[in-house]
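Trainee:
There are 2 protein chains.
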Amino acid sequence: MIICDGMGDRPTKVLNRLTPLQAAEAHTFNRIASLGECGIMDVISPGQPPGSDTAHLAIFGYDPYTQYSGRGAYEALGAGVDLKPGDVAFRCNFATVNDKDFIIDRRAGRITTEEAKILAEALKDIKLEDAEPIFVSTTEHRGVLVLRGDKLSRKVSDVDLHEVGVRVSKPRPLDDSVEAEHTARVLEEFIIKSRKILQNHPLNKERVIRGLNPANAVLPRGAGTLPNVKPIHEVWNIKAAAIAGGALYKGVAKALGFDIIHVPGATGTVNTNLKAKVQYTIDALKKYDLVFLHIKATDTVSHDKNPVRKKEVIEWISHEITPLVDLIESQGYYLALTADHTTPSEIGEHRGDPVPLAIMGPNVRRDSVEKFDELSCARGGLCRIRGVDLIKILMNYLDKVPLFGE
Amino acid sequence: MIICDGMGDRPTKVLNRLTPLQAAEAHTFNRIASLGECGIMDVISPGQPPGSDTAHLAIFGYDPYTQYSGRGAYEALGAGVDLKPGDVAFRCNFATVNDKDFIIDRRAGRITTEEAKILAEALKDIKLEDAEPIFVSTTEHRGVLVLRGDKLSRKVSDVDLHEVGVRVSKPRPLDDSVEAEHTARVLEEFIIKSRKILQNHPLNKERVIRGLNPANAVLPRGAGTLPNVKPIHEVWNIKAAAIAGGALYKGVAKALGFDIIHVPGATGTVNTNLKAKVQYTIDALKKYDLVFLHIKATDTVSHDKNPVRKKEVIEWISHEITPLVDLIESQGYYLALTADHTTPSEIGEHRGDPVPLAIMGPNVRRDSVEKFDELSCARGGLCRIRGVDLIKILMNYLDKVPLFGE
């Protein structure tokens, strides 16, 4: 299963009213469409913009409306934290806050991964009254906070509201439970104590001298707990592996029971080592029934509002996956190529338009679609499906779905 | 409504990568597609292989996820047993078991219908401590057992596990209820007592002398009770009739409130008297709002893994239904032609791929599809629907669906 993040798009002016996929000369993508059955997919439901987390839950067959338990847990798992039931995890940014408590810079002057690591080390000294904090920095200004203790709840508000020029907001309970109130208090204690340590850290003092924004605050958001679900390998009695650069995608996969295959140079950006990811996918297919390959670059250039670059990235991905598609065709494996959501590259944000989908493999009902794009796939033999149904459609081809009834 | 059992298929090698429907010259099927609106249908849900029972529940508008209560009741009704609420019914095979209790032949040397009837007669003498057993033989080695009594449950395990060379398994309760445990005990008592009678029956002794496998055991499976649903004629305020050869299909229809029309020579096999079934359907349309015509032959040849024969059977059915389609067209009736599931004729088992569907009638939005097959129908105006929605789509054309809201 190849998921090109945010690959779905809308007609763009700069590409003469074509979507990047329509404009692209993506020969291997088109080969998949030609060999396969095509359709469009409402990843969550028609018109609903999916988050990256809920989108992947759906694509792996878990109903996000009932089985989503916040983003933080996936980030924490993706960052390598050994999350336990009961833990509440948050995504965090290192940010710059002024002395009147206003947020100046949500990314602390794009602090480097190395600097962030030094600051994260200093935060290990924090002791909280009623919980154990675990803080891990990931890439650049990003990090993860886990609160471990009794009676914690994920029903606490975001401290980072994605805005600058506003005062740092206090964490609030989001329901009437004792647990939510308790967790909001514990989180506030962490924010205050971390602020003190960061403010006085030599690295930040040096940044100020160099005219850079100091990383003097941690802003948590997206509280989440481990989802309480049956792992994918048990649901379908398969071996499943995931290959991704971005921590979130590894995290979702790990939470659902995939083995995570780490690929050197897989960064979750346009500079990822895609050749290596493709080679590791090829190797993984010898041992696993289902391999999930996530490619982030299509989404990154969408958020940068660059349709032309998106077209080029699509052509690059299509070219790079060629050896994998060769193998899949020659071995009689199945391949689903799709996106986790539409990110219109003129808007730069997720939208709820359906995404194109092609499934190739020996037993698919090959249709007449010969190009992999939003419009061509809509004329294909799969018509329009929901994200949550994709995995069962694939498992049906692998003879893994038991009869219902007799 | 014409249901050709298991007619959906996948590309087959022997037919040059076409499905049997694609390869067939089925003029009347294609005429229905040309006159109608076409689509594909997930009988239960995408990728889910339906059983014959759950498939028909869905096609008649009953959600199998909430309204399925086991197969046995349908078999019993189809065999003519006057099933009552509280009864637990089983499908049974006459089988051959050796003196160490191992199953040698699940079909007792394909014992004839006539011989089975004689053995069934002998089983009428069985008295059980806590329930009344009703045993009826149907075709060849097949039969039905009904347990009638207080506090019986359908939550008991199958005794026939579809395997030979294994020991006869003891019926076990499938939940913690007193009723399930009680039913397992009652069922075991029947198995032991029937075994004794069959072992000593002159007909079996004679079979052994002739070198044939004796029918010395009854192996029940598929415990079921009557579904607790509103009958179809009440749901839609219509008169509904069913014409089928196979006992199961008659049973499902009867359980849902259809009148069953018995047709001489309708056998549920490729040797059925299809001409008569078509003529009875034509006659029934004078008296009924909805007539369900079930044709089993497409599934039979699929289970025999014979794509070429399946193509021929499709052509034969298409030819034979021509007078019926003539009548439907001239009278301005509606016709839905579809399948209850896909049975790929290279695999010989049910799979979860969608089935083709065409609906003809005076008010349908006629689309450009001109051939009735899996791929052509997918390009039709119905796009992709679920089985459970079909009946309401038809009733809408008959002005039988009340407004929801005002």
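Chains as they are written, first to last, in our numbering: chain F, 134 to 539; chain G, 134 to 539.
Cβ atoms here follow ideal geometry from the backbone N, Cα and C, with glycine treated the same way.
All figures in this text were calculated on a predicted structure; none of them were measured in a lab.
(1) Using a Cβ-Cβ cut-off of 8 Å, state whether residue 534/F counts as contacting chain G.
(2) Are residue 585/G and residue 176/G touching if we call contact CB-CB under 8 Å?
(3) Identify every residue that forms a DSSP beta bridge with residue 306/F.
(4) Taking CB distances under 8 Å as the criterion, tell me whether residue 173/F reaches chain G.
(5) CB-CB under 6 Å to residue 377/G, same chain, minus the five flanking residues each way: which ones, in chain order?
(6) When you compare only the Cα positions, how much space is there between residue 399/G and residue 482/G?
(7) DSSP beta-bridge partners for residue 490/F?
(8) Which of the three DSSP states, helix, strand or coil, is assigned to residue 279/G?
(9) Less than 8 Å between CB atoms is the rule here; does residue 282/G satisfy it with respect to chain F?
(10) Leaving out five residues on either side along the sequence, give the residues of the same chain with a beta carbon under 8 Å from the beta carbon of residue 343/G.
(11) Please check the pair residue 261/F and residue 323/F, which I expect to be a contact at CB under 8 Å, by giving their CB distance rounded to whole angstroms.
(12) How many Å lie between residue 355/G and residue 219/G at the Cα?
(13) Output the residue ranges of the alpha helix (DSSP H) runs that lie fully inside the segment 207–273 of chain G and measure 4 residues or longer, sorted by chain position.
(14) Cβ of residue 186/G less than 8 Å from any chain F Cβ?
(15) Quick check on residue 526/F - is its C-beta less than 8 Å from some C-beta in chain G?
(16) Can you tell me which of 452/F, 299/F and 258/F puts its alpha carbon nearest to the alpha carbon of residue 266/F?
(17) Can you name the residues of chain F whose CB is closer than 7 Å to the CB of residue 486/G?
(18) Does DSSP put residue 354/F in a helix, in a strand, or in coil?
(19) Report yes if the C-beta distance between residue 358/F and residue 287/F is below 8 Å; otherwise report no.
(20) Looking at the C-beta of residue 169/G, does it have a partner C-beta in chain F at a distance below 8 Å?
(21) Taking the alpha carbon of residue 159/F as the reference point, which residue from 420/F, 504/F, 285/F and 233/F has its own alpha carbon closest?
(22) What residues from chain G crowd round residue 517/F, counting only those whose CB sits closer than 9 Å?
(23) May I ask you to report which of helix, strand or coil DSSP gives residue 528/G?
(24) Against chain G, does residue 547/F count as a neighbour if the rule is that its beta carbon must be under 8 Å from one of theirs?
(25) Give me the chain F residues within the contact set of residue 177/G, using Cβ-Cβ distance strictly less than 9 Å, ordered along the chain.
(26) So, at 6 Å on beta carbons, what are the nonlocal neighbours of residue 493/G in its own chain, with the 5 sequence-adjacent residues on each side left out?
(27) Report the residues of the segment 308–337 of chain F with a CB closer than 7 Å to any CB of chain G, ordered along the chain.
(28) List, in order along the chain, the chain G residues whose C-beta lies closer than 9 Å to that of residue 422/F?
(29) Compute the Euclidean distance between the alpha carbons of residue 290/F and residue 532/F, then round it to the nearest angstrom.
(30) Which residue's Cα is closest to the Cα of residue 212/G: 184/G, 230/G and 387/G?
(31) Measuring alpha carbon to alpha carbon, tell me which residue in 515/G, 311/G and 229/G is nearest residue 298/G.
(32) By DSSP's criteria, residue 145/F is part of a beta bridge. Which residues make up the other side?
(33) I want to verify the contact list: residues of chain G whose CB lies under 7 Å from the CB of residue 506/F, in sequence order.
(34) Quick check: the segment 346–353 of chain G against the segment 512–528 of chain F, are at least 3 beta-carbon pairs closer than 8 Å?
(35) Are residue 394/F and residue 373/F close, meaning C-beta to C-beta below 8 Å?
(36) Please report the straight-line C-alpha distance between residue 217/F and residue 207/F, rounded to a whole angstrom.
Mentor: Let's see:
(1) The residue you call residue 534/F lines up with position 401 of the first sequence. With 8 Å as the cut-off, residue 534/F counts as an interface residue toward chain G.
(2) The question about residue 585/G has no answer, for chain G in this structure spans 134 to 539.
(3) Sequence index remark: in the first sequence, residue 306/F carries index 173 (1-based). Answer is 289/F.
(4) Position 40 of the first sequence, counted from the first residue, corresponds to residue 173/F. So, not an interface residue.
(5) For the purposes of this step, residue 377/G is identified with residue 244 of the second sequence, where counting begins at 1. Counting only Cβ-Cβ distances below 6 Å, and skipping sequence neighbours, we find 383 and 427.
(6) As a position in the second sequence, residue 399/G is number 266, starting the count at 1. As a position in the second sequence, residue 482/G is number 349, starting the count at 1. Cα-Cα distance, rounded: 23 Å.
(7) Taking the first sequence and counting its residues from 1, the one referred to as residue 490/F is at position 357. DSSP output for residue 490/F lists 172/F and 471/F as bridge partner(s).
(8) Residue mapping note: residue 279/G aligns to position 146 of the second sequence, counting from 1. In this structure, residue 279/G counts as strand in the three-state DSSP scheme.
(9) Along the second sequence, read from residue 1 onward, the residue named residue 282/G stands at position 149. Residue 282/G does not count as touching chain F.
(10) Residue mapping note: residue 343/G aligns to position 210 of the second sequence, counting from 1. Closer than 8 Å at the Cβ level, and outside the excluded window around residue 343/G, lies no residue.
(11) Position 128 of the first sequence, counted from the first residue, corresponds to residue 261/F. Position 190 of the first sequence, counted from the first residue, corresponds to residue 323/F. So it is a contact: roughly 6 Å between Cβ atoms.
(12) Residue 355/G sits at position 222 when you count from the first residue of the second sequence. Residue 219/G sits at position 86 when you count from the first residue of the second sequence. Between residue 355/G and residue 219/G, the C-alpha separation is close to 16 Å.
(13) Counting only runs that start and end inside the segment 207–273 of chain G, the alpha helix (DSSP H) elements of at least 4 residues fall at 246–256.
(14) Stepping through the second sequence from its first residue, residue 186/G is reached at position 53. Residue 186/G belongs to the set of residues whose beta carbon lies under 8 Å from a beta carbon in chain F.
(15) In the first sequence, the residue the question calls residue 526/F occupies position 393. Yes, residue 526/F lies at the interface with chain G (some Cβ there is under 8 Å from its Cβ).
(16) For the purposes of this step, residue 266/F is taken as the residue at position 133 of the first sequence. Nearest option by C-alpha distance: 258/F.
(17) Position 353 of the second sequence holds residue 486/G. Within chain F, the residues near residue 486/G are 529.
(18) For the purposes of this step, residue 354/F is taken as residue 221 along the first sequence, with counting starting at 1. Of the three classes helix, strand and coil, the one that applies to residue 354/F here is strand, per DSSP.
(19) As a working note, residue 358/F is residue 225 in the first sequence. As a working note, residue 287/F is residue 154 in the first sequence. Their beta carbons are under 8 Å apart, which means residue 358/F touches residue 287/F by this criterion.
(20) Taking the second sequence and counting its residues from 1, the one referred to as residue 169/G is at position 36. No, residue 169/G lies away from the interface with chain F (no Cβ there is under 8 Å from its Cβ).
(21) Translated into positions along the first sequence, residue 159/F becomes position 26. Checking every option, the nearest Cα to that of residue 159/F belongs to 504/F.
(22) Against the first sequence, residue 517/F aligns to sequence position 384. Within chain G, the residues near residue 517/F are 516 and 517.
(23) One-based indexing of the second sequence puts residue 528/G at position 395. Residue state, collapsed to three classes: helix.
(24) Absent from the structure is residue 547/F, since the part of chain F shown begins at 134 and ends at 539.
(25) Numbered from its first residue, the second sequence carries residue 177/G at position 44. Those are 537 and 538, listed as they occur along chain F.
(26) On the second sequence, residue 493/G is found 360 positions in, with the first residue counted as 1. Within the same chain, residue 493/G has close Cβ partners 165, 168, 169 and 468.
(27) none
(28) Mapped onto the first sequence, residue 422/F falls at position 289. The contacting residues do not exist; residue 422/F stays about 15 Å from chain G at best.
(29) On the first sequence, position 157 is the one that residue 290/F refers to. On the first sequence, position 399 is the one that residue 532/F refers to. Cα to Cα, the separation comes out at about 44 Å.
(30) Along the second sequence, read from residue 1 onward, the residue named residue 212/G stands at position 79. It is 387/G whose Cα lies nearest to the Cα of residue 212/G.
(31) Residue 298/G sits at position 165 when you count from the first residue of the second sequence. Closest option to residue 298/G, Cα to Cα, is 229/G.
(32) Residue numbering aside, residue 145/F sits at position 12 when the first sequence is read from its first letter. DSSP lists 151/F as partners of residue 145/F.
(33) Your numbering for residue 506/F matches position 373 in the first sequence. Going along chain G, no residue has its Cβ under 7 Å from residue 506/F, so there is no contact; the nearest lies around 18 Å.
(34) no
(35) Residue numbering aside, residue 394/F sits at position 261 when the first sequence is read from its first letter. Residue numbering aside, residue 373/F sits at position 240 when the first sequence is read from its first letter. Contact: no.
(36) For the purposes of this step, residue 217/F is taken as residue 84 along the first sequence, with counting starting at 1. For the purposes of this step, residue 207/F is taken as residue 74 along the first sequence, with counting starting at 1. Whole-angstrom Cα-Cα distance: 12 Å.
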